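A.B. asks: Sharing a structure below in structure tokens format, with a few things to ask.
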DNA sequence: CAAAATTGTATTGTGCACAATGTATATTTG
DNA sequence: CAAATATACATTGTGCACAATACAATTTTG
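Protein chains in written order, with the UniProt record's numbering: chain C, 1 to 139; chain V, 1 to 139.
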């Protein structure tokens, strides 16, 4: 019988290694915008909706305040987002894009295409990959 | 035309989120052994070959010394591995399993099965996933 | 309405990841 | 063989991730 503890039989290890490989593919592209990959993800979410609570960002990206609070503070330092407490509910912190943050979207337009090119997977493979993963994440 | 910058159109984000989801699936199981997921991966590699250089571990796991050195020191503190400089080449550090480290393998036997069960993917899906990812990682 | 429970975010502490740099040991070259 | 180069690992610094805890603002309950 097969030894399930062998590295080559693992499924999770390739996912883990692939995830890190992905951020290293993004790195040279994002360096030009002075963004890390997690920061880029936050920007993606904000480009879809200009103002959101920390909670909304966290739910969409599966990240908690322990990760987001310092990350968002760094985006504030870069002048890309603003942070204000909601007047309706003082517990809530609203994160919104600055003009600079909105403007950065144009520079990001080329990124998805370049990444797909570098990964060298077909559209079919990408969709299958995404489908299988989302099946697990949906739970 | 589709907006490639939308979060829902990303392929890399699901991979990134899935990778973190995976470590959170392993966490309760590995907590019982007082191991983190990256530490578990190092143990997997060592269970296949009892003694290896830092370099060999790094190549197999795609990790560099900046990550491995402190991780391995923590495994030494736990009494799972030993660290000695090679006498043939003083630059090389040999990492080897202690008796305790070898013995831990038995406790890990149940992990792959439990993880596969929790993930809820078919064998087919797992193999397809692994195949697509390895296609990228092989480059 | 006051006490209890919940919610939203911040803080602290530990452990990766990885670029950049440092350092000692080996190897290669002229 | 000496100088240049390469190799193997360690260190430093920054930025995630996330559990655990804290805390203030809100909501729910008795």
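By construction, the Cβ of each residue, glycine as well, lies at the ideal position given by its N, Cα and C atoms. All figures in this text were calculated on a predicted structure; none of them were measured in a lab.
1) The alpha helix (DSSP H) with residue 105/V in it runs from where to where?
2) For chain C, is any of its Cβ atoms less than 9 Å away from the one on residue 134/V?
3) Cβ of residue 11/V less than 9 Å from any chain C Cβ?
4) Would you call residue 99/V buried or exposed, if buried means 16 or more other Cβ atoms sit within 10 Å of its Cβ?
5) Going along the chain, which residues of its own chain have a beta-carbon closer than 7 Å to the beta-carbon of residue 96/C, five neighbours each way excluded?
6) Taking a cut of 9 Å between CB atoms, which residues from the stretch 62–89 of chain V lie near chain C?
7) Kindly indicate if chain V contains any beta-carbon less than 9 Å away from that of residue 105/C.
8) Measuring alpha carbon to alpha carbon, tell me which residue in 114/C, 133/C, 139/C, 73/C is nearest residue 28/C.
9) Starting from residue 133/V, trace the alpha helix (DSSP H) both ways and give me its first and last residue.
10) Would residue 23/V pass as an interface residue toward chain C - the criterion being a Cβ-Cβ separation below 9 Å?
11) Under a three-way DSSP split, which group does residue 22/V fall into?
12) With a threshold of 16 other CB atoms inside 10 Å of the CB of residue 70/V, please say whether the residue is buried or exposed.
13) Kindly indicate if chain C contains any beta-carbon less than 9 Å away from that of residue 19/V.
14) Taking 9 Å as the CB-CB limit, is residue 120/C close to chain V?
15) According to the neighbour-count rule (16 or more other Cβ atoms, all chains shown, within 10 Å of its Cβ), is residue 106/C buried or exposed?
16) What residue from 39/C, 130/C, 45/C, 53/C has the CA that sits closest to residue 93/C's CA?
17) Exposed or buried, which one is residue 39/C when buried takes at least 16 other CB atoms within 10 Å?
18) Buried or exposed: which applies to residue 12/V, given that a residue is buried once 16 or more other Cβ atoms fall within 10 Å of its Cβ?
C.D. replies: So, from the listed chains and residues:
1) 99–108
2) yes
3) yes
4) exposed
5) 50, 51, 81, 82
6) 62, 63
7) yes
8) 114/C
9) 123–137
10) yes
11) helix
12) exposed
13) yes
14) yes
15) exposed
16) 53/C
17) buried
18) buried
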